[in-house]
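S.K.: Structure provided below as structure tokens; questions to follow.
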Amino acid sequence: MEIRIRKLNNDCVLAWNVLHNEKGSALDAIEKGCSQAEEDISIESVGWGGSPDETGETTLDALIFDG
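Put into structure tokens, the structure is as follows:
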């Protein structure tokens, strides 16, 4: 797993809490961290703060494969 830290420090902490405190799976941790990043409008690369699509709308698309 690779974690790139920019403005995502809080998201990484949330993911770590899923693993360490909640004893969740790596998949649960990734989902929690990514979901939080998408909701944070100060992050300009993904989620509500990201670039609009071809119609000018901000859309949220995410997909996780397991297996």
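In this note's numbering, the protein residues as written are 673 to 739. By construction, the Cβ of each residue, glycine as well, lies at the ideal position given by its N, Cα and C atoms.
Along the chain, where does the alpha helix (DSSP H) that runs through E711 open and close?
M.R.: A698 to E711 is the span of the alpha helix (DSSP H), which, as asked, contains E711.
S.K.: Is D683 near V690, with beta carbons less than 8 Å apart?
M.R.: The answer is no: Cβ separation not under 8 Å.
S.K.: In this structure, how does DSSP classify V718 when only helix, strand and coil are distinguished?
M.R.: In the structure shown, V718 sits in coil (DSSP, three-state: anything other than H, G, I, E or B).
S.K.: I'd like the span of the alpha helix (DSSP H) that includes N656, first residue to last.
M.R.: For the chain, the structure presents residues 673 to 739; residue 656 sits outside this window and is missing.
S.K.: Measure the alpha-carbon distance for G722 versus D738 and round it to whole angstroms.
M.R.: Their backbone Cα atoms lie some 26 Å apart in a straight line.
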